[in-house]
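K.L.:
Residue numbers (the working numbering): 281 to 425.
Each residue gets a CB set at the ideal place from its N, CA and C atoms; glycine is no exception.
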Amino acid sequence: MYEVKTKVNDASVRKFLDGVSDENKRKDSFVLLEMMRKATGKEPKMWGTSIVGFDSYHYKGKSSEGEWLVLGFSPRVQALTLYAVGHWESHKELLKKLGKHSLGKGCLYIKRLEDVDRDVLKDLIGAAVTRSKVVIRAMQSDKRK
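#1: Helix, strand or coil for residue 412 per DSSP?
#2: Name the residue from 299, 337 and 332 whose alpha carbon lies nearest to the alpha carbon of residue 417.
#3: Check whether the Cβ atoms of residue 322 and residue 310 sit closer than 8 Å, and answer yes or no.
#4: Measure the CB-CB distance between residue 378 and residue 409 and report whether it falls below 8 Å.
#5: In three-state DSSP terms, what is residue 338?
#6: Could you work out which residue in 394, 403, 356 and 327 is closest to residue 373 when comparing CA atoms only?
#7: Near residue 370, what residues of its chain come up, given a Cβ to Cβ distance below 7 Å and the 5 sequence neighbours on each side ignored?
#8: Name the DSSP beta bridge partners of residue 364, please?
#9: Quick one: grab the DSSP three-state call for residue 330.
#10: Give the C-beta separation of residue 331 and residue 354 to the nearest angstrom, bearing in mind that I take them to be a contact with Cβ-Cβ under 8 Å.
#11: Could you name the residues that DSSP lists as bridge partners for residue 304?
#12: Mark residue 393 as exposed unless 16 or more other C-beta atoms lie within 10 angstroms of its C-beta, in which case mark it buried.
Structure below.
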């Protein structure tokens, strides 16, 4: 069975974000940190070397099993990359109102927070947290069958 390399660890989230070289991306990262902290009610943890994650759940797939973050982000060179259980595509109406962004496999990419409506982003993050609870419950009930 495949072992996931990106795992939660004790590295300092603050130190990681303080080390983001692009000043705008660093500031945007701290804004995202607070949005996600408020939405989840959880404290952030580092996942691997470059993902800030909130909360976790246990999953078991056909080829892998482990813990994964419920919500998180990474200040990548190209864009702020946001992660959520249940995929962002589930929130089409909010995405239409968000502003400049793109979607990848389970990821939401935003170059700068000034490119998006922050109130819509807060709503989107809240909706993602709510949806993640439904998706995780469904996955866990499937395991019991």
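P.N.:
Let me lay it out:
#1: helix
#2: 337
#3: no
#4: no
#5: strand
#6: 403
#7: 411
#8: 351
#9: coil
#10: 5 Å
#11: Paired residue(s): none; residue 304 is not in a bridge.
#12: buried
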